[in-house]
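J.: This is the structure, below, for whatever I ask next.
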Amino acid sequence: MLFSWVKRNSEFKIIVPVTYSFIYPTLIMLKLKSDGELIDSSEREVVGSGIEFFTLNVKKKFTNRVGGTLFKLRLHVLYPEEGYIEARFSYRNITSYLREFKVVIGILTANKPPQNLYPTNFILHIRWNKEKYTAVQIYNEALGSKSLENISSEDFLKWRYSLFNWLIFDSKGNIVMDNDKYKRLAFVAEIAFKRLCVWNVEYIKNIAERYQKCAFWAEVIESILIIQKLALNLILAMKGKALESCIFEGIEKSGKVIGLTLTTNEVMRYLREIDYANRLIKAVKSGYEVPENIIVWMAIFGLKDSASKLEETNQYLTDIKPGATIDYDDALAFFDKFKFSEIMGRSSMRLLAVRFSDKWLSFKQGIMELIPLSSAPLIYEKLRKLLGIKDLFDYFNFMINEKKYFELWEKILTEKALELRDIYLSSTSNVIVVKLSEPEGQHKLYLHIYDFEGRHIGLESHTKSIEVEIPGTYYFDLGRNIIVILPRNIKIQRMIIDADYAHSSFESYNITILTVKNQQISGIKVCTGTIKLGQKQEFTVDISPEGRVEVRKRRIGDVNYDGIVDYRDLAILIANYGKIVKGPEEIKIDINYDKVIDYKDLALLIANYGKD
Ligand SMILES: [Ca+2]
Ligand SMILES: [Ca+2]
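Per our numbering, residue 10 is the first one in the sequence shown, and the count goes up by one each step.
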């Protein structure tokens with residue numbers, strides 16, 4: 010099973026359903042590659058019609074790089090008629106790439122956080138109404154993996170979005186508290202994330218091509234056989250459910266949203282929404298007098314509409330990557346077009362499938378009564394009556410289920426986002442919050458915090474990844490704001506502003522430290538400052554039992570905390586020279602925080618000697 014987010018250096022599996030229909034035993038083979046390197050492959054000989062589930066394993070070595078990693082899945086079909094040579098004819102040319110998808114490989118930036126909510130290092134900035142927000146992807150470790158057999162779409166979505174969801178901050182680094190705004194931003198963040206991983210440019214191009222190809226074959230007179238084959242595959246695909254979500258969510262999207270009873274009124278409302286009557290009139294006007302053809306033309310128009318809409322869709326959100334800034338309206342425009350194309354495309358395919366199935370006669374009977382009608386109101390009036398025909402109702406039901414699925418997805422995703430926010434908020438009712446903010450456009454200063462046991466929170470200089478050694482702690486990097494949230498009982502030994510990765514020669518910052526007791530702010534301290542490129546500034550932070558905060562800048566080299574760097578400090582350093590840092594006393598003397606007291610610390614002390 011695969012999620013689009015994977016923890017660095019972990020293994021994962023992809024389950025790929027393949028629907029098939031072959032007269033002779035045929036070999037199907039799947040190959041998964043990344044960066045040109047084969048990761049895993051699987052093959053099986055099949056005959057007749059059915060679905061096979063292939064499992065591909067991705068080993069640790071393919072998940073050691075943080076960021077969006079591209080994977081390519083290729084399907085090979087070897088036909089016996091051709092002596093197991095890969096097929097080359099155009100209509101059989103399924104020997105091509107199946108899917109290209111991205112998996113975000115990331116790290117968790119917390120250490121045993123309350124409620125097991127882990128922030129990941131995957132963030133997106135969202136521009137909306139001239140404001141900027143930041144969405145942080147959150148992983149709920151407590152939920153972990155789950156058996157997904159026989160789970161309904163609804164239960165699956167609930168589990169999925171309780172496991173992964175979004176925490177939304179405003180530009181000041183505060184959690185967005187307006188529920189409606191929060192839900193909309195979480196929704197847009199998820200759209201962008203899916204666009205990065207699943208609904209990528211290649212994928213959308215691929216579906217558009219598929220729809221176009223189907224429309225083309227449906228137009229060709231000799232295409233009956235091909236359509237029959239397609240249709241059969243399609244019916245199977247619908248039984249086995251949608252391939253794409255299956256690959257990415259590890260479960261098939263049910264063709265039917267469980268627990269929903271559709272009424273005739275709902276069906277009618279939807280048919281009006283998609284302008285069904287005018288599509289029918291257009292098909293009739295296209296001059297084909299044979300009713301079968303008119304129905305096929307309805308499908309062809311639907312497929313063509315979807316394909317062109319998908320091409321438009323592909324113009325949006327083309328540059329999503331971890332840390333990207335996206336536009337709220339663009340994301341919604343993308344999703345609306347994508348949703349429309351999917352519903353229209355899939356139901357048009359379904360229409361082609363019906364054309365060659367045993368449901369055809371009763372279906373045709375109904376449609377035949379619509380064809381002579383020439384105005385939309387008349388068509389809708391008649392349609393309402395015709396919905397009594399089971400096969401016709403089933404068909405429209407299918408269309409609406411596609412739409413309902415998207416609605417259900419949005420509903421569950423956003424409800425779970427709010428739930429997650431509230432769990433997070435309740436987990437921060439007794440904490441110390443340290444926030445480092447930089448002005449817009451400037452970057453990037455880092456924040457380090459050490460406690461008296463020498464445990465560190467911040468960017469680790471060798472691995473360039475976030476280290477969170479203090480249990481119960483969250484670390485959020487929101488771009489302009491870095492926020493560290495510590496349990497109320499942690500004693501901060503020192504806090505460091507680090508300008509090693511600054512861009513300008515001087516950068517300014519703002520530090521806010523506040524204590525929260527039973528959800529109330531019990532103390533707050535704000536400091537502003539400037540720092541030179543490559544320098545570090547050190548502070549001591551004292552927090553009284555009531556939560557009052559005292560912050561003092563500390564001279565580098567002042568190992569005895571008396572405000573001056575002099576012979577007393579030198580004496581202490583020399584007395585401890587060569588020691589490995591173990592306890593709170595040695596931490597004070599380890600000036601460059603590398604856990605050993607040596608010549609490097611001595612050099613820093615001497616450089617600051619005599620300063621106060
Ligand atoms: Ca001193
Ligand atoms: Ca040292």
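Here a beta-carbon is modelled for each residue, glycine too, at the ideal position from N, C-alpha and C.
Leaving out the 5 sequence neighbours to the left and right, which residues in its chain are closer than 8 Å to L371 when beta-carbon positions are compared?
T.: For the record, residue 371 in the displayed sequence is Ser; it is not Leu. For S371, where only same-chain residues beyond five positions count, the Cβ hits under 8 Å are I398, K399, D400 and L401.
J.: What do you get for G619, buried or exposed, if any count of 16 or more other CB atoms within 10 angstroms of its CB means buried?
T.: Exposed.
J.: Go ahead and label P122 buried or exposed: buried means 16 or more other beta carbons lie within 10 angstroms of its beta carbon, across all protein chains shown.
T.: With 16 or more other Cβ atoms within 10 Å, it is buried.
J.: Hey, could you find the ends of the beta strand (DSSP E) F21 is sitting in?
T.: Counting along the chain, the beta strand (DSSP E) containing F21 begins and ends at F21 to S43.
J.: Using the beta carbon as the reference atom, which residues fall closer than 7 Å to any heavy atom of ligand 1, ordered along the chain?
T.: Working through the chain, the matches are D567, V568, N569, Y570, D571, G572, I573, V574, D575, R577 and D578.
J.: Under a CB-based cut-off of 7 Å, is K192 close to chain C?
T.: Among the chains in the structure shown there is no chain C, since it carries only a single protein chain.
J.: Can the beta-carbon of V112 be found less than 7 Å from the beta-carbon of S13?
T.: Cβ atoms of V112 and S13: closer than 7 Å.
J.: So what does DSSP say about E301, is it helix, strand or coil?
T.: Three-state DSSP puts E301 in a helix.
J.: Going by C-alpha distance, which of E469, K453 and Q451 is nearest Y459?
T.: Of the listed residues, the one whose Cα sits closest to Y459 is E469.
J.: Taking 8 Å as the limit between beta carbons, can you name the residues of its chain near V574, skipping five residues before and five after?
T.: Cβ neighbours of V574 beyond the five flanking positions: R564, I565, G566, D567, L614, N617, Y618, G619, K620 and D621.
J.: Is D603 near ligand 2, in the sense that its beta carbon is under 6 Å from a heavy atom of that ligand?
T.: Under cutoff, so the answer is yes.
J.: Which value, in whole angstroms, describes the spacing of the CA atoms of V67 and K22?
T.: Rounded to whole angstroms, V67 to K22 spans 6 Å at the Cα level.
J.: Can you grab the Cα-Cα spacing for the pair R359 / I352, in whole Å?
T.: The alpha-carbon atoms of R359 and I352 are separated by roughly 10 Å.
J.: Just to confirm the assignment, what range does the alpha helix (DSSP H) spanning T273 have?
T.: Note, T273: alpha helix (DSSP H), T273 to E282.
J.: Is V363 helix, strand or coil when you go by DSSP?
T.: Looking at V363 - three-state DSSP - the assignment turns out to be helix.
J.: With a threshold of 6 Å, establish whether the CB of L328 neighbours any heavy atom of ligand 2.
T.: The identity of residue 328 in the sequence shown is Asp, whereas the question assumes Leu. No, the Cβ of D328 stays beyond 6 Å of every heavy atom of ligand 2.
J.: So what's D187 in DSSP terms, helix, strand or just coil?
T.: DSSP places D187 in coil when its eight states are reduced to three.
J.: Pull the bridge partners of V440 from the DSSP assignment, please.
T.: Answer by DSSP bridge pairing, in chain order: P496 and V525.
J.: CA-CA distance, D509 and L454?
T.: Computed Cα separation, rounded: 7 Å.
J.: Locate the alpha helix (DSSP H) running through K562, then write down its first and last residues.
T.: Run containing K562: none in the alpha helix (DSSP H); it sits in the beta strand (DSSP E), V558 to R563.
J.: Using the rule of at least 16 other Cβ atoms within 10 Å of the residue's Cβ for burial, across every protein chain shown, is T537 buried or exposed?
T.: Result: exposed.
J.: Taking just the CA atoms, how far does S436 sit from E20?
T.: Cα-Cα distance, rounded: 30 Å.
J.: Check whether the segment 316 to 331 and the segment 186 to 204 touch, using three or more Cβ-Cβ pairs below 8 Å as the test.
T.: Touching, yes.
J.: In terms of residue numbering, what span does the beta strand (DSSP E) encompassing E61 cover?
T.: E46 to V67 is the span of the beta strand (DSSP E), which, as asked, contains E61.
J.: Could you give the DSSP three-state label for D621: helix, strand or coil?
T.: D621 falls in the coil class under three-state DSSP.
J.: Using a threshold of 7 Å, state whether the C-beta atoms of I432 and Q124 are closer than that.
T.: The answer is yes: Cβ separation under 7 Å.
J.: Taking 6 Å as the cut-off, is the beta-carbon of D610 closer than that to any non-hydrogen atom of ligand 4?
T.: Of the ligands one can find in the structure shown, namely ligand 1 and ligand 2, none is ligand 4.
J.: Return the first residue and the last residue of the alpha helix (DSSP H) that Q221 is part of.
T.: That run of the alpha helix (DSSP H) goes V210 to E228.
J.: Am I right that H465 and H457 are in contact with their C-beta atoms under 8 Å? What's the rounded C-beta distance?
T.: H465 to H457, Cβ: 6 Å. Contact.
J.: Tell me the rounded alpha-carbon separation between V210 and N323.
T.: V210 and N323: Cα-Cα distance of roughly 6 Å.
J.: Run the CB neighbour count on G57, radius 10 Å, all protein chains shown included, and call it buried at 16 or more, exposed below.
T.: Exposed is the call here.
J.: Going straight from the alpha carbon of G467 to that of N585, what length do you get?
T.: G467 and N585: Cα-Cα distance of roughly 26 Å.
J.: Leaving out the 5 sequence neighbours to the left and right, which residues in its chain are closer than 6 Å to I520 when beta-carbon positions are compared?
T.: Here the set comprises L445 and C536.
J.: Does at least one heavy atom of ligand 2 sit under 6 Å from the Cβ of D599?
T.: D599: yes, Cβ under 6 Å from ligand 2.
J.: Quick one: grab the DSSP three-state call for A385.
T.: Of the three classes helix, strand and coil, the one that applies to A385 here is helix, per DSSP.
J.: Does the beta-carbon distance from Y220 to A316 come in below 7 Å?
T.: A contact, by the Cβ cut-off of 7 Å.
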